[in-house]
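All remarks here apply to the structure that follows.
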Amino acid sequence: MDPMEAALAALESLKPGERLNYTATAKKFGVGRDALSRRHRGVQGPREQQYGNQQNLSPAQESHLIGYIDRLCERGLPPTKRMIRNFAQEIAHKYVGNRWVDRFLNRHNIDIYARWASGMEKERK
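Every letter in the sequence shown is one number past the one before it in UniProt numbering, and letter 33, counting from 1, is 33.
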């Protein structure tokens, strides 16, 4: 269990009337006192949750985009970064920044190599 989650569980397990001591609990679990206080009061959520609110695409939309990229690559047509950015803007219905594609590719460990396509054999068409 994450130390922050363990500290929050310890605070929640206090009986009514017991004194709430953020400093002692934070020291015991090795977390920051202010962060523990904010998380316990509900002012701040977990990082994953906070970052999720800032992402342009939801996880479902990102998986849809990954599937589309995979299908293009299987057909021998790897998309360029500009194409991926345009696809993302169509899915999100909002502007996607210049560096978004790089972060997306790193986040999902995708390698895309843009190169000239050779002609397909007549039987494959």
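Don't be surprised by glycine CBs; every beta carbon is placed ideally from N, CA and C. Small disclaimer: the values here were computed from a predicted structure and weren't measured.
Problem - Coarse secondary structure for M83, derived from DSSP in three states - result: M83 carries a helical assignment under DSSP once its states are collapsed to helix, strand and coil.
Handout entry: Host alpha helix (DSSP H) of H64 (start-end)
Key = Counted as a single uninterrupted DSSP element, the alpha helix (DSSP H) harbouring H64 occupies residues P59 to E74.
Handout entry: Inter-residue Cα distance where the pair is A35 and D70
Key = 41 Å
Practice task
Evaluate the contact criterion for the stretch 25-42 versus the stretch 59-74: three or more CB pairs, one atom per stretch, below 8 Å.
Solution key: With the cut-off at 8 Å, the stretch 25-42 and the stretch 59-74 do not touch.
Exercise for the section: With DSSP collapsed to three states, give me the class of Y22. Expected result: helix
Practice task
Assign M1 to buried or exposed, taking buried as 16 or more other Cβ atoms, counted over all protein chains shown, within 10 Å of its Cβ.
Solution key: Per the 10 Å Cβ criterion, exposed.
Problem - Close beta carbons around K94, own chain, < 8 Å, minus the five adjacent residues each side - result: N56
Handout entry: Spatial neighbours of I91 in its chain, beta-carbon cut-off 8 Å, leaving aside the 5 residues before and after
Key = L57, Q61, H64 and L65, listed in sequence order.
Problem - Straight-line Cα distance separating P46 from residue 130 - result: Given that the chain is displayed from residue 1 to residue 125, the structure contains no residue 130 and the question cannot be resolved.
Handout entry: Where the alpha helix (DSSP H) containing E121 begins and where it ends
Key = No alpha helix (DSSP H) contains E121, which DSSP labels as neither H nor E.
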